[in-house]
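The structure under discussion appears below in the form of structure tokens.
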Amino acid sequence: MNESYLEIVELENGEIVLRPASDEGVETEPLAVLKISDTTKAYLQDRYFELAKRMFHAGIDFVYSEDFPESEVHETMDEALASDAKVIH
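Note that the sequence shown covers residues 15 to 103 in the working numbering.
Right, dumping it as structure tokens:
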């Protein structure tokens with residue numbers, strides 16, 4: 015697995031995931047999962063995937079921006095891995 019590259023993929027179940035790219039074609043565990051409703055997909059037509067890409071890119075840009083201290087990244091990642099699913103409102 016080449017962990018320096020990420021890919022954005024739509025899975026068969028309709029979820030769009032950001033995950034490390036795999037050289038062997040083996041599915042890797044997603045870093046983030048996005049579910050776009052069928053209503054939104056119908057409204058956006060073919061552009062819903064572009065929306066997903068832009069959302070993931072915005073998140074990546076935020077994490078690597080100067081406004082996001084690196085120590086917080088490690089603490090947040092550790093908390094996320096240790097806890098159950100969270101709801102963000």
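No residue lacks a Cβ here, since even glycine has one placed at the ideal position from N, Cα and C.
Exercise. Is LEU32 buried or exposed, if buried means 16 or more other CB atoms sit within 10 Å of its CB?
Worked result: Here residue 32 refers to the residue found at position 18 of the sequence shown. Classification for LEU32: buried.
For this session: List the DSSP bridge partners of ILE47.
Result: Reading the sequence shown from its first residue, position 33 is the one you call residue 47. The question names Ile, yet the displayed sequence has Val at residue 47. Answer by DSSP bridge pairing, in chain order: VAL31.
Exercise. With which residues is ILE22 paired in a DSSP beta bridge?
Worked result: The residue given as residue 22 occupies position 8 in the sequence shown. By DSSP's assignment, ILE22 forms a beta bridge with LEU32.
Exercise. Terminal residues of the continuous alpha helix (DSSP H) containing ASP75?
Worked result: Position 61 of the sequence shown holds residue 75. Its alpha helix (DSSP H) spans residues 62-77.
Exercise. In the structure shown, what three-state DSSP assignment does ASP52 receive?
Worked result: Against the sequence shown, residue 52 aligns to sequence position 38. Correct three-state label for ASP52: helix.
Exercise. How many Å lie between SER79 and THR54 at the Cα?
Worked result: Counted from its first residue, the sequence shown places residue 79 at position 65. Counted from its first residue, the sequence shown places residue 54 at position 40. Their Cα atoms are separated by approximately 29 Å.
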